[in-house]
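Each residue of the sequence shown is one higher than the last, beginning at 9 in our numbering. Quick reminder that beta carbons are idealized off the backbone N, C-alpha and C, glycines included. Please read these numbers as outputs of a predicted model, since none were measured by experiment.
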Amino acid sequence: MSVTPVDYEPTERTVPSRSRHRARYDRETVHSILDQSYLCHLGFVRDGAPVVLPTLYGRVDETLYVHGSTGSRPLLAAGAEDPGLPVCLTVTHVDGLVLARSAFHHSINYRSVVVHGTAYQVTDEEERRMALAALVDHVVPGRAADSRPANAKELAATAVIRLDLNEVSAKIRTGGPNDDAEDLGLPFWSGVVPVAPAYGTPVPAADLAPGIAVPDYVSAL
């Protein structure tokens, strides 16, 4: 029986050129960053020019799934007969604004993941259904079982691509400003302004039938 390594193997593309001490390659850190978000940016080359698209994703074990229209160019390219679509997928959390005494040392506290690899279109219907349910549950855990699954027409209009987590790195910055010693006496406020996502009170649809309460998994957000 094969055993999944604890760490991802660093590569030339996943080792940062600056601040290498902030890089992480352990699966626990990478999965944690991916699982606490649902918006990624998918980069690829189209007609010789770079393109970056914001989109939703879902993680199932060591695979990320992204969906879109069957007419979408990246999804069409991923479904071509040649070896898929080379992509770079990124996920970032902003945790704080770091305000230093000097403009040069201003920064942010963040957690990010970068995934390099080749995306492939998912053609197996069972895997597509599983992936679409995972995408819904990745945004709101528990929602897939509490909504109508896609019908045949909707499935025909939806494409799904998969990207395996092979060439992966995380990068994290924490802590306060790194002011130069000669700037410590300057009369400017210095510190960190925490940043965190927040969910508001759920707003029911205008045509929601009376008596349908807010689900517990929504209230839990």
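{"Item": "Roughly how many angstroms lie between the CA atoms of Val-106 and Thr-22, to the nearest whole one?", "Value": "25 Å"}
{"Item": "Is His-113 near Asp-187, with beta carbons less than 9 Å apart?", "Value": "yes"}
{"Item": "Considering just the uninterrupted stretch of the beta strand (DSSP E) at Ala-141, what are its terminal residues?", "Value": "Looking at the DSSP string, Ala-141 is not in any beta strand (DSSP E); the run it does join, the alpha helix (DSSP H), is 133 to 147."}
{"Item": "Report the CB separation of Ser-177 from Tyr-33 in whole angstroms; it is logged as a contact under 8 Å.", "Value": "6 Å"}
{"Item": "Specify, as a first and last residue, the run of the beta strand (DSSP E) that Ala-160 falls within.", "Value": "It is not in any beta strand (DSSP E) - Ala-160 instead sits in the alpha helix (DSSP H) that spans 160 to 164."}
{"Item": "Here's a check: name, in chain order, each residue in its chain whose Cβ is nearer than 6 Å to the Cβ of Asp-191, leaving out the five neighbours to either side.", "Value": "Arg-109, Ser-110"}
{"Item": "Quick one: grab the DSSP three-state call for Ile-41.", "Value": "helix"}
{"Item": "Mind checking if Asp-103 is an interface residue toward chain D, Cβ cutoff 9 Å exclusive?", "Value": "In the displayed structure, chain D is absent; only one protein chain is listed."}
{"Item": "Can you check whether the CB of Ala-127 is closer than 9 Å to the CB of Pro-94?", "Value": "yes"}
{"Item": "Return the first residue and the last residue of the alpha helix (DSSP H) that Asp-103 is part of.", "Value": "Counting along the chain, Asp-103 falls outside any alpha helix (DSSP H), though it belongs to the beta strand (DSSP E) covering 93 to 107."}
{"Item": "Going by C-alpha to C-alpha distance, which of Arg-170, Asn-174, Val-121, Ala-165 sits closest to Met-138?", "Value": "Arg-170"}
{"Item": "Among Thr-209, Val-122, Glu-135, Ile-180, which one has its Cα closest to the Cα of His-49?", "Value": "Val-122"}
{"Item": "Quick one: grab the DSSP three-state call for Ala-127.", "Value": "strand"}
{"Item": "Taking 8 Å as the cut-off, does the segment 35 to 49 touch the segment 127 to 136 (at least 3 CB pairs, one atom from each stretch)?", "Value": "no"}
{"Item": "Closer than 7 Å by C-beta to Leu-47: which residues in its own chain qualify, once you throw out the five before and the five after it? Chain order, please.", "Value": "Pro-62, Leu-64"}
{"Item": "List the endpoints of the continuous alpha helix (DSSP H) containing Val-226.", "Value": "224 to 227"}
{"Item": "The beta strand (DSSP E) with Glu-17 in it runs from where to where?", "Value": "Here Glu-17 belongs to no beta strand (DSSP E), and DSSP marks it neither H nor E."}
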